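Residue numbers (the numbering used here), protein chains in the order written: chain W, 2 to 134; chain C, 2 to 134; chain E, 2 to 134; chain V, 2 to 134.
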DNA sequence: GTGGTCTAGACCACC
DNA sequence: GTGGTCTAGACCACG
């Protein structure tokens with residue numbers, strides 16, 4: 002698995018600003034354990050080149066992550082993931098509950114029972130699990 | 002249930018454009034049977050005043066809905082919901098599968114099993130069901 | 002030739018306001034001698050019905066024509082064409098020179114000689130003369 | 002011949018929408034060879050400032066021109082005239098025949114012979130040809 | 001009052 | 001600076 006594949010997830014057509022997509026991707030990588038506390042992350046220029054986006058946009062993402070205390074930055078060195086032991090579970094919780102809430106509020110507006118709903122989720126989940134991208 | 006409450010749902014902070022929020026709201030109302038085929042809908046000015054948005058923004062939403070064949074409109078009379086008997090199920094399907102897909106792709110990136118997932122959904126669903134707004 | 006055919010010339014898609022199209026049509030009918038000085042013209046309602054446009058729009062056209070001294074209106078009677086003997090030639094001149102000016106200014110901006118130009122006009126003129134609408 | 006003079010032609014009193022006036026002006030400039038295939042054209046902001054109209058109005062004109070395949074445009078660089086060798090003659094033909102048709106249909110409604118007509122055109126054409134603007 | 005269009009202001013992503 | 005989109009204000013024809 003090359004670094005290119007891992008990171009090539011930015012969608013130009015997506016409604017979310019690119020820099021927030023980057024932030025989200027970092028969170029996901031932390032949640033799955035791909036990024037560990039204290040681990041260094043690519044420089045602005047490196048990641049910009051990797052994702053084919055402007056380094057300024059990466060900078061904006063990093064700044065956002067600093068404010069959310071996901072990473073720490075010191076002068077003259079690469080930024081690193083926060084050294085917070087609970088970081089992983091905190092992020093997992095945050096992402097999961099956010100997704101669940103969005104989903105449930107969206108779906109409650111439709112006339113649909115919980116069971117039918119769960120069935121749809123299971124099917125989609127299984128289906129996607131067989132794909133390799 | 003007053004008309005005011007029903008429609009007051011537009012958020013300017015939301016990432017989605019206002020006119021798409023309007024479209025989505027119409028779809029939800031169709032999906033839940035609140036809007037029936039052939040039923041007339043508010044004029045551009047009426048809905049604009051109700052939602053406190055510019056009538057032209059409503060116009061853009063209505064035009065989009067017309068292209069998606071949700072409504073039909075002729076000059077000098079209120080637009081109406083399409084007289085398509087299958088409209089309701091069509092919209093429900095569309096909204097449901099869209100929500101499920103977004104949810105599953107979002108959640109698959111976190112390290113979380115299906116069952117834990119389903120549990121979260123059920124709990125959130127039940128919890129919200131007890132609210133009265 | 003029924004009255005319907007004579008008057009059915011209003012274009013909804015045209016950029017010119019409908020009431021000015023009506024004015025222009027009156028001028029053309031005067032220029033060709035179809036309408037003579039002192040001749041009465043249809044009432045607002047009649048012409049509105051004939052052209053399938055709103056009587057208010059006809060009213061606006063008649064008012065414009067009054068201001069241009071093409072017609073005179075007295076209470077409780079149909080409006081009539083002005084009793085000006087020179088009206089016909091005046092209108093003809095006005096329409097012709099207006100058309101010529103528009104045409105020439107339009108065409109001078111293109112790289113095209115007078116002779117090539119005249120040839121195009123003659124051909125189009127002859128061609129159209131054979132049509133029956 | 003300064004760039005300012007060349008472009009200052011937009012009339013807000015004109016019946017045609019401003020953005021179509023812009024399109025027409027581009028066609029005329031192409032027809033006279035002032036704009037050549039592959040040549041870049043001003044940015045939306047530049048032309049907007051030059052003509053003292055909103056850049057969005059220019060944007061609408063450019064979009065229209067793109068749909069008519071007069072120009073090509075890619076993000077983050079100036080739009081260019083299409084690289085179509087036949088473009089010039091195509092546009093000339095279009096403009097000429099359009100003007101001729103408008104003229105002939107307008108003038109046929111007046112009682113006027115072709116020869117008298119041609120004479121008027123020639124005279125106006127010669128007269129204007131002596132002006133220097 | 002109805003639907004519709006043209007023009008303009010604010011903002012976005014990218015360079 | 002580039003192109004692009006969303007929202008809004010003014011106006012039109014018609015009833």
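Even glycine gets a Cβ: it sits at the ideal position worked out from N, Cα and C. This one's a predicted model, so the numbers in the text were calculated from it and none came from an experiment.
Exposure of residue i, with buried meaning 16 or more beta-carbon neighbours within 10 Å
i	result
residue 37 of chain C	exposed
residue 29 of chain V	buried
residue 109 of chain C	buried
residue 127 of chain C	exposed
residue 66 of chain W	buried
residue 100 of chain W	buried
residue 6 of chain E	Its pLDDT being 44, under 50, residue 6 of chain E is placed unreliably in this model, and the value from its coordinates should be taken loosely. Exposed: under 16 other Cβ atoms inside 10 Å.
residue 22 of chain V	buried
residue 87 of chain E	exposed
residue 13 of chain V	exposed
residue 45 of chain V	buried
residue 62 of chain E	buried
residue 49 of chain V	buried
residue 117 of chain W	exposed
residue 68 of chain W	exposed
is_contact[residue i, chain V] using C-beta, thresh 8 Å
i	result
residue 125 of chain E	yes
residue 96 of chain E	yes
residue 102 of chain E	yes
residue 93 of chain E	yes
residue 86 of chain E	no
Short Cβ contact (8 Å threshold) for residue i with residue j
i	j	result
residue 31 of chain C	residue 19 of chain C	no
residue 1 of chain V	residue 92 of chain V	This structure does not reach residue 1 of chain V, given that chain V is present from 2 up to 134, and the question cannot be answered.
residue 83 of chain V	residue 70 of chain V	yes
residue 34 of chain E	residue 96 of chain E	no
residue 17 of chain E	residue 16 of chain V	yes
residue 104 of chain W	residue 122 of chain C	yes
residue 39 of chain C	residue 81 of chain C	yes
Cross-chain neighbours of residue i in chain W, by beta carbon under 8 Å
i	result
residue 105 of chain C	122, 125, 126 and 129
Within chain V, the residues that residue i reaches when beta carbons sit closer than 7 Å
i	result
residue 17 of chain E	16
Contact with chain E by residue i, beta-carbon distance below 8 Å
i	result
residue 6 of chain V	Per-residue confidence for residue 6 of chain V stands at a pLDDT of 49, beneath the threshold of 50, marking its modelled position as unreliable; the derived number appears in the next sentence. By this cut-off, residue 6 of chain V is not an interface position.
*Scan the region 109 to 123 of chain W for residues whose Cβ lies nearer than 9 Å to a Cβ of chain C and list them as they occur along the chain.*
109, 110, 111, 112, 113, 115, 117, 118, 119, 121, 122 and 123
*Closer than 7 Å, Cβ to any Cβ of chain C: which residues of the region 47 to 69 of chain W, in chain order?*
none
*Any residues in the region 25 to 43 of chain W with a beta carbon nearer than 8 Å to a beta carbon of chain C? Which ones, in chain order?*
29, 32, 33 and 34
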